[in-house]
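Asker: Take the sequence shown: its position 53, counting from 1, is numbered 58 in this note's numbering, and each next residue is one higher. Beta carbons are placed, not taken as given, at the ideal position from N, Cα and C, and that holds for glycine. As the structure is a prediction and not an experimental result, all values here were calculated from the model. Provided herewith is a single structure, encoded as structure tokens, for subsequent inquiry.
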Amino acid sequence: MAKPTTRGAAPVTLKVEAAPTKVAELRIYHVTHVDNLSSILKAGQLFADYAKPPVNVSSAGVREARRNKTVDERVLSEDIGPRVVADYVPFYLSPNAHVWNSIRAGHDDPRLTLEALGYAASEFVLLVSTVKHAFEAATAQAAAAADADVTDAVDGSLGGFAVSDGDAVGLLTSFATDKSEAERMLKRLRADDESDAILGAEVLVADTFPFEQISLIGVANDKVRATVRGILADAGHKTKVAVYPPWFQATEDIAE
């Protein structure tokens, strides 16, 4: 794997690491436009579908589908029935995920807004965390729900966390919402880190995800790195920013 190119003072590079030996160490990736970063930092967290970012990536059709796709009948939202995909902050399990690759390639993908497809891939950033941090965020939410006397999960379901084994709104997609089930699904998915399944799979965290759990921001070039560092400094954050061009280059395989 090629190392990132960096220039300027105190460059931060992306380490080339061995494959994780534990599920908890698996990286997860949230794609957003750089113009969305200021509002994320102001809130201190990423929001599920009900938040409207300055640059909207998902098409109206996909948003509607995610609002109607039940994750698990056992997993309940407060007073409104089973949770749907749109109730969760989405992360990919691969930096080459199908939808992100469509943006990189400028592919006419019905899952994406025309606005998103009008931008160069270099104008986006990848917010990187881990499965461990997703579990931790879900656990904190479950504790908060218990304090508020809200039933957020029953029958052993985790509630605040889910894993899909493909596109979250796909007809054949399955979800794991219990922690042990999620770990087993993640182990199966990571067995082939470029399979069609893992390139469509999602890690879902209910409602919000704290920005402090983002350990790295991947960017395409030095110019964007400088922009992101400025946004972070203005918000009082010191999150690592790494230039890593391969994450922003289209691969040949585009999922229809």
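Using three-state DSSP, classify T144 as helix, strand or coil.
Answerer: helix
Asker: Where does the unbroken beta strand (DSSP E) through R169 begin, and where does it stop?
Answerer: Reading off the sequence, residue 169 comes out as Ser, not Arg. Start and end: 166 to 169.
Asker: For the 8 Å Cβ check, are there 3 or more pairs between the region 208 to 224 and the region 85 to 105?
Answerer: yes
Asker: Which runs of the beta strand (DSSP E) fall wholly inside the region 188 to 240 and span at least 3 residues, in chain order?
Answerer: Correct list: 207 to 211, 213 to 215, 221 to 224.
Asker: Assuming contact is defined by CB atoms lying nearer than 8 Å, are A255 and R109 in contact in what I supplied?
Answerer: yes
Asker: Kindly list the residues whose CB is nearer than 8 Å to the CB of K245, restricted to its own chain and excluding five residues on each side of it in sequence; keep chain order.
Answerer: V17, S220, L221, I222
Asker: Which residue comes first and which comes last in the beta strand (DSSP E) that contains H103?
Answerer: Segment 103 to 110 is the alpha helix (DSSP H) holding H103; no beta strand (DSSP E) there.
Asker: Would you decide whether G86 is buried or exposed? Buried here means 16 or more other CB atoms lie within 10 Å of its CB.
Answerer: exposed
Asker: Between K5 and E78, what straight-line distance do the alpha-carbon atoms span, to the nearest angstrom?
Answerer: Residue numbering for the chain in the displayed model covers 6 to 261; residue 5 lies beyond these limits and cannot be assessed.
Asker: My output table needs one value for H38: the three-state DSSP class, helix, strand or coil.
Answerer: strand
Asker: So the alpha helix (DSSP H) L122 belongs to, where does it begin and stop?
Answerer: 119 to 122
Asker: How about V76 and A225: do their beta carbons lie closer than 8 Å?
Answerer: no
Asker: Quick one: measure Cβ to Cβ for W105 and V36, integer angstroms, because I've assumed they're closer than 8 Å.
Answerer: That pair is a contact at about 5 Å.
Asker: From what residue to what residue does the alpha helix (DSSP H) around V67 run?
Answerer: 65 to 73
Asker: Is Y179 helix, strand or coil by DSSP?
Answerer: Residue identity differs from the one stated: residue 179 is Ser in this sequence, not Tyr. Looking at S179 - three-state DSSP - the assignment turns out to be coil, as it is neither helix nor strand.
Asker: Kindly indicate which three-state DSSP category S134 falls into: helix, strand or coil?
Answerer: strand
Asker: Go ahead and label V248 buried or exposed: buried means 16 or more other beta carbons lie within 10 angstroms of its beta carbon, across all protein chains shown.
Answerer: Burial call: buried.
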